[in-house]
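Participant: Take the sequence shown: its position 42, counting from 1, is numbered 291 in this note's numbering, and each next residue is one higher. Idealized CB from N, CA, C, for every residue including glycine.
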Amino acid sequence: MTAPEAPTRNVAKTLISLVWIYGGRGVGLLWTLILVQRLGVSEYGLYAMATVLNGIVGNTVDNSFAVRAIRESEEHFLRERTMRYLVAVGLVIAGAVTFDVNYVIGFGLMVAGGEIALNVVKSQSARDGHPDKVYRLDTARQFSSAGIGAVYLYTSAHPTLTHASLLYCTPYVLILLVGAKLAVGHRPAPPGPPRLIAALTGEMLGTTLYLGGDVLLLGTLVDTTAAGYYQLAWVVAAAVAAAGQSFGMTYHEPLRESGGDLSAAPPLRNILRMAALGGSLLLIIGGFLFAFGAPAQLATTMMIMGGFAALRICIFVLQVILYTQRRDVFRLTIAVGLVPVKLGMVAALATLTPLGAVGAAIAATVADAIMLAGFTWAVYRPRDVVDSDVVDS
Numbered sequence: 250m251t252a253p254e255a256p257t258r259n260v261a262k263t264l265i266s267l268v269w270i271y272g273g274r275g276v277g278l279l280w281t282l283i284l285v286q287r288l289g290v291s292e293y294g295l296y297a298m299a300t301v302l303n304g305i306v307g308n309t310v311d312n313s314f315a316v317r318a319i320r321e322s323e324e325h326f327l328r329e330r331t332m333r334y335l336v337a338v339g340l341v342i343a344g345a346v347t348f349d350v351n352y353v354i355g356f357g358l359m360v361a362g363g364e365i366a367l368n369v370v371k372s373q374s375a376r377d378g379h380p381d382k383v384y385r386l387d388t389a390r391q392f393s394s395a396g397i398g399a400v401y402l403y404t405s406a407h408p409t410l411t412h413a414s415l416l417y418c419t420p421y422v423l424i425l426l427v428g429a430k431l432a433v434g435h436r437p438a439p440p441g442p443p444r445l446i447a448a449l450t451g452e453m454l455g456t457t458l459y460l461g462g463d464v465l466l467l468g469t470l471v472d473t474t475a476a477g478y479y480q481l482a483w484v485v486a487a488a489v490a491a492a493g494q495s496f497g498m499t500y501h502e503p504l505r506e507s508g509g510d511l512s513a514a515p516p517l518r519n520i521l522r523m524a525a526l527g528g529s530l531l532l533i534i535g536g537f538l539f540a541f542g543a544p545a546q547l548a549t550t551m552m553i554m555g556g557f558a559a560l561r562i563c564i565f566v567l568q569v570i571l572y573t574q575r576r577d578v579f580r581l582t583i584a585v586g587l588v589p590v591k592l593g594m595v596a597a598l599a600t601l602t603p604l605g606a607v608g609a610a611i612a613a614t615v616a617d618a619i620m621l622a623g624f625t626w627a628v629y630r631p632r633d634v635v636d637s638d639v640v641d642s
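Listed below in C-alpha cells is the structure:
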C-alpha cells in the first residue's frame with residue numbers, strides 16, 4: 250500500500266467503526282428507556298449504580314492488558330491474552346457468588362468480567378488496527394443483551410430487575426466459550442512487571458474517576474437536575490469524541506512497529522480537522538436547543554462541551570501515540586494529578602456560583618485543555634529529550 254493510500258484507508262475504517270459505535274449507543278439508549286418504562290426510575294437507578302461499578306472495576310483491571318496488547322510481541326500478546334481471560338472468569342464467578350447478596354456488586358462484577366472476556370475476543374482485531382471489527386462485536390453484544398432483556402420485560406406480567414439483569418448477561422456465556430478457545434494452548438503471563446501494572450491500573454482508575462466523578466459531585470452539591478443536564482451534554486460529547494478514539498486505533502499497527510515514531514502517527518492536520526468538526530457539531534446542537542426553547546442551562550452546557558469534545562478527540566489520538574512510546578508513568582501522572590484539579594473546580598463553581606451544569610462543563614473543558622497541553626508537549630517535543638518514564642522493557 251502506498252503512503253497516500255494509508256490515510257484514506259484509515260479514514261474509511263474510522264467511518265465504518267463510527268457506524269457501529271453509534272449503532273451500539275443507540276441500542277444502549279433504547280435499553281435505558283425500556284428499563285425506565287417497565288421498571289421505573291428507582292430500579293433503573295440501581296441498575297445504573299451497578300453499571301458505574303462495572304466501568305470502574307472492569308476498565309481499571311483490564312487497562313494493563315489493553316495497552317500491552319497493541320504494542321508487545323506476538324508471544325507476549327498470546328500469553329497475556331490467556332491471563333486476561335482467566336481474570337474475566339474470576340470476575341464473573343465473583344459476581345455470580347455475590348449477586349444474591351448485593352445486586353450492585355454482583356451484577357457490576359459479572360458485567361465487568363463479561364466485558365473483559367469480550368475484550369479477549371476483540372483483542373486481535375484491536376491489535377491489528379481494525380476498529381470497525383472491534384465496534385461491530387461491541388454492538389452485536391449490546392444488541393443481543395438488550396434484545397433478550399427487552400423480550401423478557403415486555404412478555405412478563407411482573408418483570409423484575411434481577412431477572413432482566415441475568416438475561417442481559419446471557420450473551421456473555423457464548424463470549425466466554427469463544428474466549429476459552431483463544432486462551433487454550435498458551436501459558437498465562439501477567440501484563441508486564443508489577444511497576445508497569447501499577448502505573449497502567451492507576452492511570453485507568455484516575456481516568457474513571459476523572460470522567461465520572463464530576464457527575465456525582467454535581468448531583469450532591471447542586472441538584473439532580475443540574476447533574477442530568479450535564480450528563481446529557483457529556484454523553485453527546487463523548488459520542489462525538491469517540492471518532493478520535495477510533496481514528497487513533499487505525500494507527501495501532503504502524504505505531505507499534507515503529508515504537509511510536511511520529512512518522513507513523515496520524516497527520517496533525519487530520520487530527521485538528523476532526524477535532525474542529527466534532528466541536529462544531531456540539532455548538533450546532535446547542536444552537537438548535539436554544540432555538541427550540543430548551544432550558545438555557547442545557548443549551549449553554551452543550552455548547553461549552555463542544556470545546557470538551559474537540560479537546561477529547563485530540564487527547565484520544567495522542568494517547569495512542571503515548572501508549573506505543575511507553576510513556577506510562579507520564580500518563581499516570583496526568584490522569585491522577587488532574588482528578589483533584591477537575592473535581593476541585595467543579596466543587597468551587599457549584600458552591601460559589603449559580604452556574605450548575607454550565608460550571609461543570611467549564612471545569613471539564615479547562616481540565617481537558619491542561620491534559621492536552623501535557624500530551625502535546627510529550628508527543629511533539631524535540632526527540633533528543635531523554636524519556637524517563639518507561640516502566641517496562
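1) Assuming Val628 contacts Ala448 under a Cβ cut-off of 8 Å, what Cβ separation, rounded to an integer in Å, is found between them?
2) Between Leu386 and the rest of its own chain, which residues show a CB-CB distance below 8 Å, the 5 nearest in sequence each way excluded?
3) Please report the distance separating the alpha-carbon of Ala491 from that of Leu526.
4) Taking Val485 as the reference, which of Val338, Arg317, Arg561 has the closest Cα?
5) What three-state label does DSSP hand Ile305 in the structure shown?
6) Which same chain residues end up closer than 7 Å to Leu504 when comparing Cβ atoms and leaving out the 5 residues on each side of it in sequence?
7) For Ile611 and Gly493, I'd like the C-alpha separation in whole angstroms.
8) Can you tell me whether Ser507 is helix, strand or coil according to DSSP?
9) Could you check where the alpha helix (DSSP H) with Leu550 kicks off and where it finishes?
10) Between Thr409, Pro408, Leu416, which has its C-alpha nearest Ser394's C-alpha?
11) Ends of the alpha helix (DSSP H) at Gly535?
12) Could you tell me if Gln286 is buried or exposed, where buried requires 16 or more neighbouring beta carbons within 10 angstroms of its beta carbon?
13) Less than 9 Å separating the beta-carbons of Arg330 and Ala345?
14) Identify which residue in Thr456, Arg576, Thr469, Arg436 has its Cα closest to the Cα of Ala616.
15) Please go through the same chain and pick out, in chain order, the residues whose beta-carbon is closer than 6 Å to the beta-carbon of Gly272, but skip the five residues on each side of it.
16) Whole angstroms are fine: how far does the CA of Val471 sit from the CA of Ile583?
17) Use the C-beta contact count for Lys248: other C-beta atoms within 10 angstroms, 16 or more gives buried, fewer gives exposed.
18) Identify which residue in Gln391, Cys418, Arg328 has its Cα closest to the Cα of Phe348.
19) Can you tell which of Ser313, Arg630, Gln546 has its C-alpha closest to the C-alpha of Val607?
20) Looking only at its chain, what residues have a beta carbon closer than 8 Å to the beta carbon of Asp510, apart from the 5 residues adjacent to it on each side?
21) Could you round the C-beta distance between Gly593 and Gly556 to whole angstroms and report it? I think they count as a contact, below 8 Å.
22) Counting Cβ pairs, one atom from each stretch, are 3 or more of them under 8 Å apart for the stretch 374-384 and the stretch 432-441?
23) Buried or exposed, going by whether 16 or more other CB atoms sit within 10 Å of the CB of His501?
24) Answer yes or no: do Ala599 and Val464 have a C-beta to C-beta separation smaller than 9 Å?
25) Assign Leu423 to buried or exposed, taking buried as 16 or more other Cβ atoms, counted over all protein chains shown, within 10 Å of its Cβ.
26) For a minimum of 4 consecutive residues, which ranges assigned as the alpha helix (DSSP H) are wholly contained in the stretch 595-639?
27) Return the residue from the list Gly623, His325, Pro589, Leu278 that minimises the CA-CA distance to Leu466.
28) Helix, strand or coil for His501, going by three-state DSSP, please let me know.
29) Is it the case that the Cβ atoms of Ala413 and Gly398 are separated by a distance below 9 Å?
30) Between the C-alpha atoms of Gln391 and Val276, what's the straight-line distance to the nearest angstrom?
31) What's the gap between the Cα of Leu587 and the Cα of Gln480?
Facilitator: According to the structure shown:
1) Counting from one through the sequence shown, the residue named residue 628 turns up at place 379. Counting from one through the sequence shown, the residue named residue 448 turns up at place 199. In this structure Val628 is not in contact with Ala448, their Cβ atoms being roughly 18 Å apart against a cut-off of 8 Å.
2) Numbered from 1 along the sequence shown, position 137 holds the residue referred to as residue 386. So the list reads Leu367, Val370, Lys371, Ser374, once near-sequence residues are dropped.
3) Residue 491 sits at position 242 when you count from the first residue of the sequence shown. Residue 526 sits at position 277 when you count from the first residue of the sequence shown. Cα atoms of Ala491 and Leu526: separation of roughly 13 Å, rounded to the nearest angstrom.
4) For the purposes of this step, residue 485 is taken as residue 236 along the sequence shown, with counting starting at 1. Val485 has its Cα closest to that of Arg561, out of Val338, Arg317, Arg561.
5) On the sequence shown, residue 305 is found 56 positions in, with the first residue counted as 1. Looking at Ile305 - three-state DSSP - the assignment turns out to be helix.
6) Locating residue 504 in the sequence shown gives position 255, counting from the first residue. Cβ within range, chain order: Ala513, Ala514, Val569, Ile570, Thr573.
7) Taking the sequence shown and counting its residues from 1, the one referred to as residue 611 is at position 362. Taking the sequence shown and counting its residues from 1, the one referred to as residue 493 is at position 244. Computed Cα separation, rounded: 21 Å.
8) Start at 1 with the first residue of the sequence shown, and residue 507 comes out as number 258. If DSSP states are grouped into helix, strand and coil, Ser507 belongs with the helices.
9) Translated into positions along the sequence shown, residue 550 becomes position 301. Residue 550 is actually Thr in this sequence, not Leu. Segment 545-573, the alpha helix (DSSP H) holding Thr550.
10) As a working note, residue 394 is residue 145 in the sequence shown. Closest by alpha carbon: Leu416.
11) Taking the first residue of the sequence shown as position 1, residue 535 is located at position 286. Run containing Gly535: 517-540, per the alpha helix (DSSP H) assignment.
12) By 1-based counting over the sequence shown, the position of residue 286 is 37. Exposed is the label assigned to Gln286, since fewer than 16 other Cβ atoms lie within 10 Å of its Cβ.
13) For the purposes of this step, residue 330 is taken as residue 81 along the sequence shown, with counting starting at 1. For the purposes of this step, residue 345 is taken as residue 96 along the sequence shown, with counting starting at 1. Result no, Cβ atoms of Arg330 and Ala345 do not sit closer than 9 Å.
14) What you label residue 616 is simply residue 367 of the sequence shown in a count that begins at 1. Residue Thr456 is the option with its Cα nearest to Ala616.
15) Mapped onto the sequence shown, residue 272 falls at position 23. Contacts found: Thr388.
16) Residue 583 sits at position 334 when you count from the first residue of the sequence shown. Residue 471 sits at position 222 when you count from the first residue of the sequence shown. For Ile583 and Val471, the distance between alpha carbons rounds to 28 Å.
17) As displayed, the chain neither begins before 250 nor continues past 642, which places residue 248 out of reach and without an answer.
18) Within the sequence shown, the letter at position 99 stands for residue 348. The residue among Gln391, Cys418, Arg328 with its C-alpha nearest the C-alpha of Phe348 is Cys418.
19) As a first step, residue 607 is located in the sequence shown; it is residue number 358 there, counting from the start. For the options Ser313, Arg630, Gln546, the alpha carbon positioned closest to that of Val607 is the one of Gln546.
20) Here residue 510 refers to the residue found at position 261 of the sequence shown. Closer than 8 Å at Cβ, skipping near neighbours: Leu504.
21) Here residue 593 is taken as the residue at index 344 of the sequence shown, counted from 1. Here residue 556 is taken as the residue at index 307 of the sequence shown, counted from 1. No, Gly593 and Gly556 are not in contact; Cβ-Cβ is about 19 Å, not under 8 Å.
22) Output reads no: the stretch 432-441 does not touch the stretch 374-384.
23) Residue 501 sits at position 252 when you count from the first residue of the sequence shown. Counting Cβ neighbours within 10 Å, His501 comes out buried, since at least 16 surround it.
24) Position 350 of the sequence shown, counted from the first residue, corresponds to residue 599. Position 215 of the sequence shown, counted from the first residue, corresponds to residue 464. Against a cut-off of 9 Å, the Cβ pair of Val464 and Ala599 comes out as no contact.
25) Along the sequence shown, read from residue 1 onward, the residue named residue 423 stands at position 174. Around the beta carbon of Leu423, fewer than 16 other beta carbons sit within 10 angstroms, so the residue counts as exposed.
26) Those alpha helix (DSSP H) runs which fall completely within the stretch 595-639 and span 4+ residues are 606-629.
27) Taking the sequence shown and counting its residues from 1, the one referred to as residue 466 is at position 217. For Leu466, the nearest C-alpha among the options comes from Pro589.
28) Here residue 501 refers to the residue found at position 252 when the sequence shown is read from its first residue. In this structure, His501 counts as helix in the three-state DSSP scheme.
29) Working through the sequence shown from its first residue, we reach residue 413 at position 164. Working through the sequence shown from its first residue, we reach residue 398 at position 149. Cβ atoms of Ala413 and Gly398: closer than 9 Å.
30) As a position in the sequence shown, residue 391 is number 142, starting the count at 1. As a position in the sequence shown, residue 276 is number 27, starting the count at 1. Approximately 7 Å between the Cα atoms of the pair.
31) Position 338 of the sequence shown, counted from the start, is the residue given in the question as residue 587. Position 231 of the sequence shown, counted from the start, is the residue given in the question as residue 480. Distance between Leu587 and Gln480, taken at the CA atoms: about 20 Å.
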